[in-house]
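Residue numbers (our numbering), protein chains in the order written: chain A, 15 to 274; chain B, 15 to 274.
Right under this line is the structure:
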């Protein structure tokens, strides 16, 4: 199968760099084709602006969404953007790999999402009306593909526990797993997380690699997170709130997961 | 009082640009000193790397955290970083203003956080031991200052309701409000949010400005979000999980808010 790793760490000799190399070799040894977008090595431009279209802004006023639509539809996107979209089309599975900085992605990876996720490609796909709110959250351009996060963090696992001070890791990652990956149609696997990075010695590294290997082996067979599909009947449209009889009385991120 | 607006939108004539201008004029008319960090106009560099110290990386291997510490302590930070830290020291209140892109900040603003929040400035502050986990979540360099988010989004308010498909707006903003603002000591006010931006005509804009004016008038008097202080007795240290007798049985982001 074809696998894209989007890697967002400034130092090749870092723990993240080592996990990336391990994943690359392990997947290739298993017979997969693997491409890596090493965002720092590529000097990836992080900020959306009018230069994201080779024509610049269409009007006097740059509109991040409408200018993205025009450039995407007209084949006038900046070549770095269309190259990443081609990799996403090619991939059967995508891995986003990053250190958790301030409870989210590093800026360079956020800028990959902001710019590559063009209108017409990752959003604004399908019919938008009062009866149907597009092909998203389970449908869309990435439908049929799988995705997984590989995340490292300096904090302890208990700090990210259900009652940990940082908030539960599943909730911290929800805007990425649900909002960035499930949105355009990816099936999202549970994340691979390494805590307390400063304490990872060689023995611990070997243990993490073993755990990672099992996760990579299950990339196309493990059960994805059972997020509810927007157009699967659980939501009222166009309010897009969970129907009153689905998980009645409950609220928060967790209600968007069908407990099966 | 001194107020810093960190503004992250590529188009001055956008709705965000208009709200920024309104806030600036309103606050100045009330007698405040206001500084604006207009990140796009400043061509803010988003990605952390070895160039963030004027000396480059100290070792053969760049370490985002340790190299940040060394540059901060030695006065060897890139001047764009120290200039923003000076503005934060000067400010009595800070407003982060941005469009919600993919359920988080635009990359350029994430890069402002990633780079300006140096080790020793925004984290790694205070005693770190098994008995005390630093001055953070309610204490730290920003203690005594206030902060507020000004956010716009294309989606409807119902999509961000407690059972809305995007997740509740309070939970989506938690990693920013709690993880970026409360962490170094800011008292965080409830956010100012404008939904469904494509439908904001002149009448709606005037209404939003009226609502914004009241929020700006209350910047130093409104009740902040009652996040629990890390060192206030509610958490077990060093596990940093909520004590068993505090909000017993509950979990998730909301348990870090004392319901008073």
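Beta carbons: idealized from backbone N, C-alpha and C, even for Gly.
Being a predicted model, the structure only gives us computed values, none of them experimental.
Between the region 118-127 of chain B and the region 211-220 of chain B there are fewer than three inter-stretch CB-CB distances shorter than 8 Å, so the stretches are not counted as touching. Bridge pairing for residue 240/A: absent [DSSP]. Interface residue (Cβ-Cβ distance to chain A less than 7 Å): residue 80/B is not classified as such. Of all alpha-carbon atoms in 263/B, 223/B, 270/B, 235/B, the one lying nearest the alpha-carbon of residue 246/B is that of 270/B. For residue 249/B, the residues of chain A that pass the 7 Å Cβ criterion are 179, in the order they occur in the chain.
When CB distances to chain A are screened at a threshold of 9 Å, the residues of the region 178-198 of chain B falling below it are 178, 179, 180, 181, 182, 185, 186, 188, 189, 190, 192, 193, 194, 197, in chain order. Inside the region 121-198 of chain B, DSSP marks whole beta strand (DSSP E) runs of 3 or more residues at positions 160-166, from first to last along the chain. The region 98-109 of chain A and the region 144-164 of chain A touch, with three or more beta-carbon pairs separated by less than 8 Å. Non-local C-beta neighbours of residue 171/A in its own chain, meaning closer than 7 Å and more than five positions away in sequence, comprise 209, ordered along the chain. The beta carbon of residue 176/A is closer than 6 Å to those of 182 in its chain, skipping five residues each way along the sequence.
Rounded to whole angstroms, the gap between the alpha carbons of residue 52/A and residue 24/A is 9 Å.
With fewer than 16 other Cβ atoms inside 10 Å of its own Cβ, residue 213/B counts as exposed. Taking a Cβ-Cβ threshold of 9 Å, none of the residues of chain A is close to residue 166/B; the smallest such distance is about 11 Å. Looking at the backbone, the Cα of residue 30/A and that of residue 225/A are separated by about 15 Å. Rounded to whole angstroms, residue 248/A and residue 137/A show a C-alpha spacing of 21 Å. CA-CA distance, residue 261/B to residue 230/B, rounds to 33 Å.
Nearest CB-CB separation between residue 124/A and chain B: below the 7 Å threshold.
Annotation: the continuous beta strand (DSSP E) that includes residue 52/A extends over 47-52. Take the alpha-carbon of residue 72/A and the one of residue 32/B: they are about 20 Å apart. Residue 99/B has its alpha-carbon roughly 12 Å from the corresponding atom of residue 89/B.
Its Cα nearest to that of residue 151/A, the residue 254/A stands out among 28/A, 45/A, 254/A, 26/A. A straight-line Cα-Cα distance of about 10 Å links residue 227/A and residue 44/A. Identification of residues in the region 61-74 of chain B having a C-beta nearer than 9 Å to some C-beta of chain A yields 61, 62, 63, 64, 71, 74, given in sequence order. Taking C-alpha positions only, residue 19/A is separated from residue 163/A by approximately 10 Å. In summary, the residues of the region 97-122 of chain A whose CB is separated from some CB of chain B by less than 8 Å are 113, 115, 116, 117, 118, 119, 120, 121, 122, in the order they occur in the chain.
If the five residues before and after residue 233/B are omitted, its C-beta is found closer than 6 Å to the C-beta atoms of 107, all from its own chain and listed in chain order. Nearest CB-CB separation between residue 230/A and chain B: not below the 7 Å threshold.
Distance from the Cα of residue 194/B is smallest, within the candidate group 167/B, 169/B, 161/B, 166/B, for 161/B.
At least 7 Å separates the CB of residue 211/A from every CB of chain B. Interface flag for residue 235/A against chain B is unset, since no Cβ pair is found closer than 7 Å.
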